[in-house]
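> The sequence shown begins at 9 in our numbering and counts up one residue at a time.
Virtual Cβ for every residue (Gly too), placed ideally from N, Cα, C.
Please find one structure pasted underneath; my questions will follow.
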Amino acid sequence: MPVKLDESFDVRTDGSDDRFELRGELDMATVRHFLDAVQPAIESARDVTLDLSRLTFMDSTGISGLFEVGRHAAACGTAVIVRTPSPPVLRVLEIVRADRFAGIRIEIPPSAA
9 MPVKLDESFD VRTDGSDDRF ELRGELDMAT VRHFLDAVQP AIESARDVTL DLSRLTFMDS
69 TGISGLFEVG RHAAACGTAV IVRTPSPPVL RVLEIVRADR FAGIRIEIPP SAA
């Protein structure tokens, strides 16, 4: 069962990893809440999955937040798995080469590639 953190985030835990479903925008207004929600999960030494299929916008602050959680995950020996980014968010991730961020693994279904 998901836990609703606010209008932008849901969290699902299945025992092996924590799954965050992000909606709307990851930007200056929401990135602090994102970091506050995700970093404790990383510190629990479990992989974190970010479902970005309903994220419609990510600005440079959101990218910086993603980079920060990736670095934090790498330092903790875990990974942040970015799953199914929406088309506009996927384009941003491709432009900044997010697949090269430490601690970040991007998973795109074959139909979306």
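Starting from ASP55, follow the beta strand (DSSP E) in both directions and report where the run begins and ends.
55–66
> Closer than 8 Å by C-beta to SER94: which residues in its own chain qualify, once you throw out the five before and the five after it? Chain order, please.
LEU60, SER61, ARG62, LEU63, THR64
> Residues in the same chain with beta-carbon distance under 6 Å from VAL88, minus the five sequence neighbours each way, listed in chain order, please.
VAL56, VAL77, GLY78, ALA81, GLY111, ILE112
> For the beta strand (DSSP E) that VAL88 lies in, which residues bound it at each end?
88–91
> Pick helix, strand or coil for MET9, following the three-state DSSP scheme.
Unreliable placement is indicated for MET9, whose pLDDT of 39 sits below 50; no coordinate value is reported for it.
> On a Cα-Cα basis, can you pick out the residue from ARG54, MET36, GLY32 that is closest to CYS84?
ARG54
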